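Undergrad:
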Amino acid sequence: MTDDNQSKDVRAKPWRWVPSLYFAQGLPNVVVMSVSVIMFQRLGVSNAETAFYTSLLNLPWVIKPLWSPLVDVIGTKRAWIVLIQFLMAIALAGVAAVLPLQSFLTYSLVLLGILAFSSATHDIAADGFYMLALSSHSQAWFVGIRSTSFRLALVTGLGLLVMLAGTLESNTGLPVREIEVEAVESISDTPTFEIPNFPTASANESQQVLASPTALQISFRGQTANSVNSIVDAARNWNTQHNFYATEVSQATSAGQKPGWLAALESGIRRWFGPADKSSTGDQPVGGVGLVYLQLNRPVPIGEQIVVHLDRSSGDSNIRVIEGRRFVVNDANAGVPMAAVIQLDAKLDQPARATLSATSGNSVLAWSVTFGVLSAIFAAFFLYHTWALPHPAADVPHGNYGNFIDEFFQVFVSFFKKPGIASGLAFLVLYRFAEAQLLKIAQLFMLDTYTRGGLGLTTSEVGFVYGTVGVVALILGGILAGFAAARNGLRTWLPWMVLAINVPNVAYVFLAYFQPENYLVINLAVAIEQFGYGFGFAAYMLYMLYLARGEHQTAHYAICTGFMALGMMLPGMWSGWLQELIGYKHFFTWVILATIPSFLVTAIVYWNLDPTFGRREETP
739 MTDDNQSKDV RAKPWRWVPS LYFAQGLPNV VVMSVSVIMF QRLGVSNAET AFYTSLLNLP
799 WVIKPLWSPL VDVIGTKRAW IVLIQFLMAI ALAGVAAVLP LQSFLTYSLV LLGILAFSSA
859 THDIAADGFY MLALSSHSQA WFVGIRSTSF RLALVTGLGL LVMLAGTLES NTGLPVREIE
919 VEAVESISDT PTFEIPNFPT ASANESQQVL ASPTALQISF RGQTANSVNS IVDAARNWNT
979 QHNFYATEVS QATSAGQKPG WLAALESGIR RWFGPADKSS TGDQPVGGVG LVYLQLNRPV
1039 PIGEQIVVHL DRSSGDSNIR VIEGRRFVVN DANAGVPMAA VIQLDAKLDQ PARATLSATS
1099 GNSVLAWSVT FGVLSAIFAA FFLYHTWALP HPAADVPHGN YGNFIDEFFQ VFVSFFKKPG
1159 IASGLAFLVL YRFAEAQLLK IAQLFMLDTY TRGGLGLTTS EVGFVYGTVG VVALILGGIL
1219 AGFAAARNGL RTWLPWMVLA INVPNVAYVF LAYFQPENYL VINLAVAIEQ FGYGFGFAAY
1279 MLYMLYLARG EHQTAHYAIC TGFMALGMML PGMWSGWLQE LIGYKHFFTW VILATIPSFL
1339 VTAIVYWNLD PTFGRREETP
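Everything in the sequence shown is counted per the numbering used here, starting at 739 for the first residue and increasing by one.
1) Taking DSSP as the reference, what is the three-state secondary structure of H1047?
2) Within the same chain, show all residues whose beta-carbon is closer than 8 Å to that of T1093, passing over the 5 residues directly before and after it, in chain order.
3) With three or more C-beta pairs closer than 8 Å as the rule, is the stretch 1264-1275 touching the stretch 1305-1312?
4) For the stretch 1318-1333 against the stretch 1206-1222, are there 3 or more C-beta pairs whose distance is under 8 Å?
5) Verify whether the separation of the beta carbon atoms of V1067 and Q1043 is less than 8 Å.
6) Between F1351 and G1227, which are expected to be in contact by the criterion C-beta below 8 Å, what is the C-beta distance as a whole number of angstroms?
7) Can you confirm whether the stretch 954-963 touches the stretch 1118-1136 when touching is taken to mean that 3 or more C-beta pairs between the two stretches lie within less than 8 Å?
8) Taking contact to mean at least 3 C-beta pairs separated by less than 8 Å, is the stretch 901-912 in contact with the stretch 1097-1113?
9) Should W753 go down as buried or exposed, given a rule of 16 or more other Cβ atoms within 10 Å for buried?
10) Let me check understanding here. Comparing Cα to Cα, which of L843, V922, S1098 and S774 lies closest to N1056?
11) Write down every uninterrupted run of the alpha helix (DSSP H) in the stretch 1300-1326 whose length is 4 residues or greater and which is fully enclosed by it, in chain order.
12) Rounding to the nearest angstrom, what Cα-Cα distance links G832 and N796 in this structure?
13) Indicate the three-state DSSP secondary structure (helix, strand or coil) for G1158 in the structure shown.
14) In three-state DSSP terms, what is R1036?
15) Does the beta-carbon of P937 have 16 or more other beta-carbons within 10 angstroms, so that it is buried, or is it exposed?
16) Going along the chain, which unbroken runs of the beta strand (DSSP E) with 3 or more residues stay wholly within the stretch 924-971?
17) Provide the residue(s) that pair with I684 in DSSP beta bridges, ordered along the chain.
18) I'd like to confirm the pairing. Which residues does DSSP put opposite G1053 in its beta bridges?
19) Who does F1065 pair with in a DSSP beta bridge?
20) Could you please give me the residues that DSSP links to E920 through a beta bridge?
21) Can you give the Cα-Cα distance for A817 and H860, rounded to whole angstroms?
22) Helix or strand or just coil, what does DSSP make of R915?
23) Check T1357 in the structure and name its three-state DSSP category.
24) Taking 8 Å as the cut-off, does the stretch 885-900 touch the stretch 1024-1036 (at least 3 CB pairs, one atom from each stretch)?
25) Assign K751 to buried or exposed, taking buried as 16 or more other Cβ atoms, counted over all protein chains shown, within 10 Å of its Cβ.
26) As a quick exercise: from V1247, A1276 and T1206, pick the residue whose alpha carbon is nearest that of A1222.
27) Tell whether a beta-carbon distance below 8 Å holds between V1167 and F1301.
28) Which residue's Cα is closest to the Cα of V1431: M869, G911, S774 and L870?
29) Assess contact between the stretch 870-890 and the stretch 800-807, defined as three or more Cβ pairs (one per stretch) separated by less than 8 Å. Is contact present?
30) So, helix, strand or coil for T978, using DSSP?
31) Nearest by alpha-carbon distance to S857: which of Q979, A972, P798 and Q1253 is it?
32) P1023 by DSSP, collapsed to three states: which one?
33) Could you check the C-alpha separation between G851 and K1085 for me, to the nearest Å?
34) Determine the direct distance from the alpha carbon of V1045 to that of I862, and round the result to whole angstroms.
35) At what residues does the alpha helix (DSSP H) containing N1226 begin and finish?
36) Go ahead and label T1340 buried or exposed: buried means 16 or more other beta carbons lie within 10 angstroms of its beta carbon, across all protein chains shown.
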């Protein structure tokens, strides 16, 4: 598209609408695919149901090319954008309204499905509008801004929205119970698993979480592996027996129903590629442990449940909760103590302190308010974009209603007849083959316990790593990529971009093998990976624009994004399964090997690229 097809007003003011439009595009995506996972878990839905339903909600982004011609031939892209944003505001308000209902899962999934289809349709219209309203040079120049705005929305969803819900939970539920843990050189008593008797609440006493003890000392001189293992096993068996781990039990049950071929495959992968058995046994010294018991002082009403979380809120990261971080309390087990095991890192050789916090709250109210805020945000987007979006002359319906069926098939036929389409589709599916697997596991790795191969960070620490350090690095990488591509064109920078999106994944190999305790080192590793991701992802977005050029470019771009969703969905589906079989160290090593297809398909499409695509047009 040339500048002649646009008005001067359109060219002059893309800053008015490009960032906000792509922030609005990214926010519902992260709500459906990630925030809903956390919400359902906090509301007591089993992990198996959560994983299944939220994965199913990804379907609209995969199949959206099937209805993308509708957006191309009916109405303007601008009209679609503002209408869909209004519909998403209604759907989000609906989720907020149905969460207090007994059948909230069914109703919320229907509304989230509407949100997913609306979001996928919004993607089609927004991407088409972007191509119609900007010249090819401006598209390249703003691709970094566009990518950064989208990613900022993802970080906002996983960061600010989750933090909002967590803050509301903490302030609307039971009072926080703190336990002070101190690592000392030696203590006289060896810890044993003994269930304490908690006092009965008085008539005028409000419900709260009790703890015993509230001050715990653990020797950093260590204990024998047999002693520690027996304490952990006793606590785990107690919690499982009293259904404090209800969701984990349902997972184990479903796992036992695997078909024979899958069980054999898992056994082979675990045997050949799984982590070496380094479990401590016998009299080998390991980090010392201590026991903390929690209990509600009052019964839970029939049919209700309270989720209690125990985690380190401040202090030395060498003090970790290794058993009993999440308890589901209902009317049947409210009168039974919960058992948690706290362990010192084996490398700790000096006194240290940490504070553990047992939190619980009104999760339903917290998430209802959060989705209400989301609804208000999209209502504001609807009003703002009704005013701010320009009216490009090229934004008109393509085709007519009478020939809609012919147009529909013509869109797909013309797309798959494009020169070099086979290599182009291979690029769309495989360019992020490694990154798709890494993205599903990275945050779980950060949160997982040190003894399970993770880094043992708290939720707030992970939020800071990705929501502050990570997003700054992501923004810088995305903006730099846009400037570079606009100056020299996509082909010039494509080799550097494929290196940027893949090579920094080595940072996670380093983190997995060395498990550094230094928080600055962890932040630096994530910053390097996120900067590379921001820089390298720009190539993907530009190539989709390149492949979609020509007639029906809106629908063709939607087809490209469908393949993009497929390229993220398939590797992501097996990444968690594979990680559990081979452990974090071998998984991140596999991620490095999985970058090979990305380099191969990039080398193939490189030679077919127009060297001038994205480059600033010289004026005579």
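Each residue gets a CB set at the ideal place from its N, CA and C atoms; glycine is no exception. What you are looking at is a predicted structure, and each value in this text was computed from that prediction instead of being measured.
TA: Quick look at the numbers:
1) strand
2) E916, I917, E918, V919, R1050, S1051, S1052 and G1053
3) no
4) no
5) yes
6) 6 Å
7) no
8) yes
9) exposed
10) V922
11) none
12) 20 Å
13) coil
14) coil
15) exposed
16) 947-950 and 953-957
17) No answer is possible for residue 684: it lies beyond the span of the chain, which begins at 739 and ends at 1358.
18) A1092
19) V1046
20) Q955 and R1091
21) 10 Å
22) strand
23) For T1357, the predicted structure reports a pLDDT of 38, less than 50, and the residue's modelled location is therefore unreliable. A value from the coordinates is still provided. T1357: coil per DSSP, three-state reduction.
24) no
25) exposed
26) A1276
27) yes
28) Because the chain in this structure spans residues 739 to 1358, residue 1431 falls outside the shown range and cannot be described.
29) no
30) helix
31) P798
32) strand
33) 48 Å
34) 40 Å
35) G1208 to N1226
36) buried
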